Amino acid sequence: MAEVAILAYFHSPEQAEGAAAKLKALRAIDVRVDRFSNNLGFELENAMADSIVSSDHDVDTVGLDIVLTAVVHAETREQAARVIEDAGGKI
């Protein structure tokens with residue numbers, strides 16, 4: 199079976215963990231949820247900028263610091279994408 203990797207971003211760990219549980223039920227090969235930071239010593243500036251608007255002026259992308267990575271079987275890729283998007287994730 200062919201495998202496909204998916205990388206998705208979420209606003210909260212709860213959203214990502216909910217999607218991860220559903221992906222595991224779909225028999226995902228691997229699922230991982232992490233938080234990342236682009237902290238270069240400008241935490242206050244980043245927090246202020248994130249609270250206003252993202253660099254692409256899309257308010258929906260502000261605060262997407264939770265990352266879900268998954269490896270799924272190719273035939274379940276579209277269903278996995280729907281699970282992620284229904285949970286509030288952005289692929």
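In this note's numbering, the protein residues as written are 199 to 289.
All C-beta atoms in this analysis are idealised placements derived from N, C-alpha and C, irrespective of residue type, glycine included.
Since the model is a prediction, treat every value here as computed from it, not as a measurement.
DSSP puts residue i in a beta bridge; with which residues?
i           : result
residue 201 : 271
residue 206 : 266
residue 288 : 207
residue 229 : 268
Skipping 5 residues on each side, what residues in its chain have a beta carbon closer than 8 Å to that of residue i?
i           : result
residue 201 : 227, 269, 270, 271 and 272
residue 281 : 217, 220, 221 and 224
residue 283 : 289
Inspect the beta-carbon positions of residue i and residue j and report whether they are closer than 9 Å.
i           : j           : result
residue 217 : residue 266 : yes
residue 278 : residue 205 : no
residue 288 : residue 234 : no
Out of the options, which has the shortest C-alpha to C-alpha gap to residue i?
i           : options               : result
residue 286 : 199, 203, 275 and 214 : 214
residue 210 : 232, 275 and 289      : 232
Tell me which residues share the same chain as residue i and place their Cβ nearer than 6 Å to its Cβ, disregarding the 5 neighbours each side in the sequence.
i           : result
residue 199 : 271
residue 230 : 267
Given residue i, which residues of its chain have a CB within under 7 Å of its CB, disregarding the five upstream and five downstream residues?
i           : result
residue 262 : 207, 208, 209 and 288
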